[in-house]
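Residue numbers (the numbering used here): 156 to 224. In what follows, a structure is listed as structure tokens, so that the remarks can point back to it.
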Amino acid sequence: MTESVTITDNRTGESIEIPIVNGGVDAGAWKKLLGNIWFADPGYTQTAATESAITELDGENGILRYRGY
Numbered sequence: 156m157t158e159s160v161t162i163t164d165n166r167t168g169e170s171i172e173i174p175i176v177n178g179g180v181d182a183g184a185w186k187k188l189l190g191n192i193w194f195a196d197p198g199y200t201q202t203a204a205t206e207s208a209i210t211e212l213d214g215e216n217g218i219l220r221y222r223g224y
């Protein structure tokens, strides 16, 4: 059985089921139901880390390189 979350728009009663994949949900799926709503994250804490072949980030030294620049 696939794990999922169900989001219900209490204004309309419309619901959407979003699968949980590798411990996370696809943020784009929320837009299908809440396309006219934007999400504020003042602490910028709800971000996801990912691997990149074109970006290098060295937080300890304050370095961010994009395509080597």
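Ideal Cβ placement from N, Cα and C applies to all residues, glycine included.
Beta-carbon proximity list for residue i, same chain, < 6 Å, skipping 5 on both sides
| i | result |
| --- | --- |
| residue 170 | 161 and 163 |
| residue 184 | 173 |
| residue 191 | none |
DSSP state of residue i mapped onto helix, strand, coil
| i | result |
| --- | --- |
| residue 158 | coil |
| residue 183 | helix |
| residue 212 | strand |
| residue 189 | coil |
Check whether residue i and residue j have beta carbons under 9 Å apart
| i | j | result |
| --- | --- | --- |
| residue 212 | residue 222 | no |
7 Å Cβ shell around residue i - same chain, five flanking residues per side excluded
| i | result |
| --- | --- |
| residue 187 | 171 |
Contacting residues, own chain, Cβ-Cβ under 8 Å from residue i (five flanking each side not counted)
| i | result |
| --- | --- |
| residue 159 | 172, 173, 174 and 175 |
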